[in-house]
Amino acid sequence: MAGAAMSATYPVNELRDELVCPICLEPFKDPVILDCEHNFCQACITDCWEASGTGVCPQCRRKSFPESELRPNKQLKVVVDVARRLQVELSHNACPDRCAQCFDLCCPAGTVCLHGSTLTWLCSAPALGESSPAL
């Protein structure tokens, strides 16, 4: 990554990637947690166990409790829901144009990047070789 000035959408994408079921590779739906502390969608782990005929974790192979005792992970469900809403909100407010050097959001049309590139947005980072921005 190019540093702390990266857009807010990058951390949201990283968060979204962490909230994915390792079986279906989709955001968790009705997440459950196994004894080994791995999380899965309830339907995914149930289908996996039915198909394999075992009650082991697909990630670490540790024997887990019966399907009837799957523990919902309510906290993970809340985080998945918040991340989903945040991503939707950011996609509505996101500006697609960013400075190639500092990744700042674009500004009104007609401004120029201080790195010397002819752009349609204003970069808040100092121009190359300058100690502070000058407009």
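Per the working numbering, the sequence shown runs over residues -1 to 133.
Just so you know, even glycine gets a beta-carbon here, dropped at the ideal spot from N, CA and C.
Neighbourhood of Cys22 by C-beta, 8 Å cutoff - its chain only, sequence neighbours within 5 removed: Cys39, Cys42
Beta-carbon proximity check, Lys61 vs Gly51, cutoff 8 Å: no
Pair within 8 Å by beta-carbon distance, Glu24 and Val18: yes
Contacts around Asp28, its chain only, beta-carbon distance under 8 Å, and the 5 residues preceding and following it disregarded: Cys39, Gln40, Ala41, Pro70, Lys75
For Ile31: DSSP bridge partner residues: Asn37, Arg69
Local conformation of Thr109 per DSSP, three classes: Reliability fails at Thr109, whose pLDDT of 46 lies under 50, so the model's placement of it is uncertain and the value that follows must be treated cautiously. In this structure, Thr109 counts as coil in the three-state DSSP scheme.
Nearest neighbour of Phe63, chosen from Val80, Leu84, Glu35, Asp79 [CA to CA]: Glu35
Distance, Arg82 Cα to Thr44 Cα: 24 Å
Rounded C-alpha distance that separates Arg14 from Cys55: 22 Å
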